[in-house]
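Inspection log for the structure reproduced underneath, given as C-alpha cells.
Protein chains: 4
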Amino acid sequence: MYQELKQACYEANMQLPKLGLVLFTFGNASVVDRERRVFAIKPSGVPYETLRPEDIVIVDFQNNIVEGTKRPSSDTKTHALLYSHWDSIGGIVHTHSTYATAWAQTQLDIPILGTTHADHLTVDVPCAPPMDDASIQGDYEHQTGWQIINEFQQRGLTPEEVEMVLVSNHAPFTWGKTVEKAVYNSAVLEEVARMAYLSCTLRPGLPRLKDALIRKHYERKHGANSYYGQS
Amino acid sequence: MYQELKQACYEANMQLPKLGLVLFTFGNASVVDRERRVFAIKPSGVPYETLRPEDIVIVDFQNNIVEGTKRPSSDTKTHALLYSHWDSIGGIVHTHSTYATAWAQTQLDIPILGTTHADHLTVDVPCAPPMDDASIQGDYEHQTGWQIINEFQQRGLTPEEVEMVLVSNHAPFTWGKTVEKAVYNSAVLEEVARMAYLSCTLRPGLPRLKDALIRKHYERKHGANSYYGQS
Amino acid sequence: MYQELKQACYEANMQLPKLGLVLFTFGNASVVDRERRVFAIKPSGVPYETLRPEDIVIVDFQNNIVEGTKRPSSDTKTHALLYSHWDSIGGIVHTHSTYATAWAQTQLDIPILGTTHADHLTVDVPCAPPMDDASIQGDYEHQTGWQIINEFQQRGLTPEEVEMVLVSNHAPFTWGKTVEKAVYNSAVLEEVARMAYLSCTLRPGLPRLKDALIRKHYERKHGANSYYGQS
Amino acid sequence: MYQELKQACYEANMQLPKLGLVLFTFGNASVVDRERRVFAIKPSGVPYETLRPEDIVIVDFQNNIVEGTKRPSSDTKTHALLYSHWDSIGGIVHTHSTYATAWAQTQLDIPILGTTHADHLTVDVPCAPPMDDASIQGDYEHQTGWQIINEFQQRGLTPEEVEMVLVSNHAPFTWGKTVEKAVYNSAVLEEVARMAYLSCTLRPGLPRLKDALIRKHYERKHGANSYYGQS
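Protein sequences, first through last, are from chains E, Y, W and C.
Position in the first sequence counted from 1, then plus 196, gives you my numbering.
Position in the second sequence counted from 1, then plus 196, gives you my numbering.
Position in the third sequence counted from 1, then plus 196, gives you my numbering.
Position in the fourth sequence counted from 1, then plus 196, gives you my numbering.
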C-alpha cells in the first residue's frame, strides 16, 4: 500500500552515505504523503549497507506506527511535528555531517559570506539555541521540533525561504518541497558550513556579504525573474 | 556544425567533478572559437551525471544563443565579456571549489608563499573587490566580467601572465590558451589556496616568497630559458 | 584450534584501513577468548594488503605466544594488561587515526560538545597524562596499559561506560564487548575528535554540552528506557 | 640495459598519485645504481596517467643523460647532488604534498609531538632556510642539494637517521636505503605534517614530546633491541 512512499524514502536515505553526509547510522530521511497524513522514515539504527525498502516505517503525525515491523528513527517525533506544522514541506533530512555539526556545537549561526550561500538562502543559517532542561527531560524529540519552529517564528523566517537549521549542540535538519530537495540541501549546507569555517578561521571577524549581493544571487535562482537552471 | 566545439566543452566540463572541484552544478567551463566569434558553454543547472555533448549551448560575444535548445549557464555574460576583451584566451572555467571560494569570501588575495604558486604565477592571486550596488542591481554577470578586467588593468596584470582570479564573496575564474589549461589552472588554484590556508592559519603574518625565488621558479616553466616539461 | 578467533581478528583488522583509520601498519585490533584466556592479535608490521587470517598471532595474558609463527604487534602487552584487568571487554583497537592522534599530541581531553559525542559517552574523552621516565625506560607497552587503567581509576570511570581513551603524545585505544564494537568506537572517536577540533578552532573557549542534554542523549542509546536502534 | 632500474623507478613514481601525494606532475622519484653511478628518474612534466617505464631517464652524477629520449625532471640536479654526497641512500622522492608543503611555506621545522613522528625520527623534521639570492640566480637545483646537505651538516644530522627534509618555501624531499622506503617516508611525512598542523592550531605553543618517549619509540623500530615488525 505504501510501496512507492517507502521506495522514495529508501532512495533518499541511500543518497546520504553516497554524498558523504553520514557515518554509520547517524542520519535519516523521511518523505510525507500529505493526503494520507503519514510519512515514511528510516528505521532506527539500521546500517545503510543492509537497509532495504521494506524496512522503511510508515508513521502518522501523532507518531503512531501505521505500517512496518521495525522501530522508526529515534528522531521520528521531530519529523512528525515539522510535517504537521509546516504544510509546504515534502521531505526532511537529518544528518550529523561534519562541518554543519561542528557549527551547531559552537551555538553560532553560519554567517552568509558568499554567493554559494546566497544562491540558497538570504540569511545566516539559523542555529536554534539550547533547549531548557525541563524540555530535555520531557518529550525531547518532540521538543526539538518546537525548538526549530519557535526559532523560525521568533526570527520571522518561513520554511519555504529557509530550508535548513542547526540545532545547538546537536546537528542540522534540512527540508524541501520534495525529499530530493531536502537531500540536496543537506549537501549544500555541509559545503556552505565548510567554506564558512575556512573563511572565519582564516580571517576572524570578516564582514558578512553585502545586502545587494544577497538579494541578487537569491533572485537569480528564486525570484520572479529567476534565470538559473532550465525553466 | 559546432560538433567539435561542443565535444571539447563537454569533456572540459566533465573534468571538473572528476577533479573534485564542483558540487552538484556549481561550476562551468567554456571553449571559444575565435574565427566564428562564438563559444560553447555548459547549460544552466544541468547535473554533470546527465550532461551530454548535445546539451552544450553555443553563444556569441553579445550573449545571443547561436545553437542549442537549453538555457546557457547563468554566468554566460561573464564568459562573453572576458572572451571579447581578452583575445589570447581559449577557454574559461568557473567553479566554487572549496578553498579558493573560502579565500574569495575573505576578500583577500592569496599571498605567494611557495614555489607551487610561483611555478604558475609571479604575483598573489588577485581578489577583485566587491562590486558597487548599482552594478549588482544592473547587468550583474556582465559587470562581473568588468570587475575582473578592471582589476587586472588597475594592477597592471595581463591575462597571459595571470590566468586566475578570485571574485570577492563569490568564487574563482580561471582561463588559458586552451580550455584544458583553464581546467588545469582551476585545480592548481584550489591546491595553492589550500596550502596557503594551512600556512596562514599555522603561522599568521608569515612572509611572502622572496623575489629571487619567485622569478626563478617562474622562469623554470615560462621564461625564454624554461626547462620544465618536454619541449 | 584458534581458527575462528583468528578469523574474527583478521576481519576486524581489515575494517581499519577500510574506515580510513590507519596508514600503512599504524594500528591493530585484537579479540579475546575469555574461556581459554588468550587473545588473537595482528602480527607486527605486516601490511594490511598482504595480511591473511593465518598470520594472526594467539597470545596469553602473560604475553606468551600460544600459536603463530609471526611476532605479535609491538602493542601486545598493552592489550594483554587491559584484557587481564577489565573482564568485560571482548576486543581492543589501537590506531593512529589523524584527529584523535592530533588531540593526544595536545595532551588535552576531547571536550563533550554535542550529541554525537553524548550518544556514546557522558564525559570528555579522557587523555591519560604522559608516563614518567622510569616507566618509559622500563616495560613500556605494559606500562601503557597501567597508564590507561590508573587514569580510569583516578577519574572514577569504568571501561563499560567509557570505551575509549587517548594516551598523551601517542594515540587512541578503544574497546567494547565485541571487537566489532571496538572498531565502531574507533571510527566514532575519530569523527568526534574531528568535530571537536573544528568547533574549538572556530570558537575557542566554547562551553561544554549542558548536563541535561548529556544525560538525555546517553539514555536514548544506553539507559534502561533506551529507544535507539532495534531491540 | 637499464631495464630493471627503469622499472623500479616507474613503479615508485606510480605510488605517488596512489598515495595522494601528487597533483598532476608535482613530484618525482628516482632510484640509484651505485655500481654504475647512475640513477633513473621521472621525465619532466609527463602526467602519471601516461607515464611508461620506457619514458624513465637514466642520468649520471654529473647530470649527463646516459639513456632516454625525454628531458629528465627539472629537479634532477638536486637528486644527483644528494646521491653523490650521501653514499647510503638508494632512492629519493620529491613531492608537493599538501601539509608538508604548507609547513615548508611557513619556514618552520615540524616539531616532534608524538610517537607517530618518533617512530620514524628523533628530531624535528628540519626545514632548510631560504637560499641566498646569488645561489637562486646561479645553478638553482644544484644549490637546492647543497641547501639540504649544508643544513644537515650544521645540525649534525645524518641521512641515515633523518630521511626527510623540508626546503623553505618549496616542498619536501625524502629518501631511504631503497626507493620503496623513500616513498614510504613521503607518505609518513605528509601524515606527520598533518597531525602536527592540527595539534599546533588546536593548542598553540604546545610542548614537544619528552626525551624519554622520543628515545623509546625510536628504539622500538630502529635500535639494537628493536622489536617492531618481523625480523
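All C-beta atoms, glycine included, are put in the ideal place defined by N, C-alpha and C.
Straight-line Cα distance separating residue j from residue i
i	j	result
leucine 409 of chain C	serine 270 of chain W	15 Å
aspartate 407 of chain C	tryptophan 371 of chain W	29 Å
glutamine 189 of chain Y	valine 242 of chain C	Residue 189 of chain Y lies beyond the range of chain Y shown here (197 to 427); nothing can be said about it.
lysine 412 of chain Y	arginine 230 of chain Y	34 Å
glycine 341 of chain E	threonine 272 of chain E	10 Å
valine 375 of chain C	leucine 278 of chain C	14 Å
leucine 247 of chain Y	asparagine 365 of chain Y	28 Å
lysine 373 of chain C	valine 228 of chain C	10 Å
valine 363 of chain E	glutamine 343 of chain E	8 Å
serine 293 of chain Y	alanine 300 of chain E	23 Å
asparagine 259 of chain E	lysine 266 of chain E	14 Å
valine 379 of chain W	aspartate 328 of chain W	30 Å
histidine 418 of chain Y	cysteine 205 of chain C	28 Å
leucine 201 of chain W	isoleucine 261 of chain E	41 Å
valine 302 of chain W	serine 395 of chain C	Sequence check: residue 302 of chain W is threonine here, not valine. Their Cα atoms are separated by approximately 6 Å.
lysine 377 of chain Y	alanine 298 of chain C	24 Å
glutamine 199 of chain Y	glutamine 350 of chain E	55 Å
threonine 274 of chain E	leucine 215 of chain E	23 Å
glycine 264 of chain Y	glutamate 263 of chain C	52 Å
alanine 330 of chain Y	tyrosine 336 of chain Y	9 Å
proline 249 of chain W	glutamine 203 of chain W	5 Å
isoleucine 285 of chain Y	arginine 399 of chain W	43 Å
valine 358 of chain E	proline 325 of chain E	17 Å
Neighbourhood of residue i by C-beta, 8 Å cutoff - its chain only, sequence neighbours within 5 removed
i	result
leucine 304 of chain E	Cys323
glutamate 415 of chain C	Asn421 and Ser422
threonine 311 of chain W	Leu405, Leu409 and His413
tryptophan 282 of chain W	Ile345, Pro355 and Trp371
Own chain partners of residue i with C-beta closer than 6 Å, once the 5 adjacent residues on each side are dropped
i	result
phenylalanine 369 of chain W	His290 and Val361
serine 382 of chain C	Leu217, Val289, Thr291 and Thr370
asparagine 209 of chain Y	Ala225 and Lys238
histidine 316 of chain W	Val384
alanine 296 of chain C	Pro368, Leu385, Glu386 and Ala389
phenylalanine 222 of chain Y	His292
Cutoff 7 Å; reference residue i; Cβ partners in own chain excluding five residues on either side
i	result
isoleucine 308 of chain E	Ala314, Val319, Asp320, Arg404, Leu405 and Ile410
serine 280 of chain E	Phe257
Residues that residue i contacts on chain C, provided the C-beta gap is smaller than 8 Å
i	result
tyrosine 295 of chain W	Leu394
glycine 310 of chain Y	Thr297, Ala300, Gln301, Asn365, His366 and Ala367
Contacts of residue i in chain C (Cβ-Cβ under 7 Å)
i	result
threonine 302 of chain W	Ser395, Leu398, Arg399 and Leu402
arginine 390 of chain Y	Thr294
Under 9 Å from the C-beta of residue i: neighbouring residues of chain W
i	result
tyrosine 380 of chain C	Phe220
Listed by chain order, chain W residues near residue i by CB distance under 7 Å
i	result
tyrosine 336 of chain E	Lys412
Partners in chain E for residue i, counting only beta-carbon separations shorter than 9 Å
i	result
glutamine 333 of chain Y	Ala408, Arg411 and Lys412
Proximal residues of chain C, C-beta to C-beta of residue i below 9 Å
i	result
lysine 266 of chain W	Gln426
Listed by chain order, chain E residues near residue i by CB distance under 7 Å
i	result
leucine 329 of chain Y	The question names leucine, yet the displayed sequence has aspartate at residue 329 of chain Y. Residues of chain E passing the Cβ test: Ala408.
glutamate 250 of chain W	Within chain E, no residue comes near glutamate 250 of chain W; the closest Cβ sits about 27 Å away, beyond 7 Å.
Chain-ordered chain Y contacts of residue i [CB-CB under 7 Å]
i	result
leucine 405 of chain E	Asn365
serine 270 of chain C	Arg416, Tyr423 and Tyr424
Contacts that residue i makes with chain E (C-beta to C-beta distance below 8 Å)
i	result
proline 307 of chain Y	Simply none; closest approach about 11 Å.
proline 326 of chain Y	Lys406 and Leu409
alanine 383 of chain W	Leu219 and Phe220
Exercise. Residues in the region 350-378 of chain Y with C-beta within 8 Å of chain E's C-beta atoms, listed in sequence order?
Worked result: Within the region 350-378 of chain Y, the residues whose Cβ lies closer than 8 Å to some Cβ of chain E are Asn365, His366 and Ala367, listed in chain order.
Problem set entry | Interface positions of the region 224-242 of chain W facing chain C (Cβ-Cβ less than 8 Å), listed along the chain | Pro239, Ser240, Gly241 and Val242
Exercise. What residues in the region 273-299 of chain Y have a beta carbon less than 8 Å from any beta carbon of chain A?
Worked result: Here chain A cannot be found, since the structure's protein chains are E, Y, W and C.
Problem set entry | Validate contact between the region 226-234 of chain E and the region 244-262 of chain E using beta carbons, cut 8 Å, 3 pairs | yes
Exercise. The region 205-219 of chain E: which residues have C-beta closer than 7 Å to a C-beta of chain Y, in chain order?
Worked result: none
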